[in-house]
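Residue numbers (the numbering used here): 78 to 121.
We treat Cβ as the ideally placed atom computed from N, Cα and C, and that holds for glycine.
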Amino acid sequence: MGNITLKNVSKSFGSTIIIPGIDLVIENGEFVVFVGPSGCGKST
């Protein structure tokens, strides 16, 4: 399988920037977990 690459990903709600343009590379064999409280939007 190939790598997963995200470049300049951002998210905002109105004028509030939540994620400010991040880059992420997930290599073969790596695991990524999103951690946060219930109801905070991890699966959105």
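For V102, the enclosing beta strand (DSSP E) stretches over residues T93 to I103. When the Cα atoms are used, I81 and P97 turn out to be separated by approximately 19 Å. Annotated as distal: I99 and V110, with beta-carbon spacing of 7 Å or more. Closest in alpha carbon position to K84, among L101, G91, I94 and G116, is L101.
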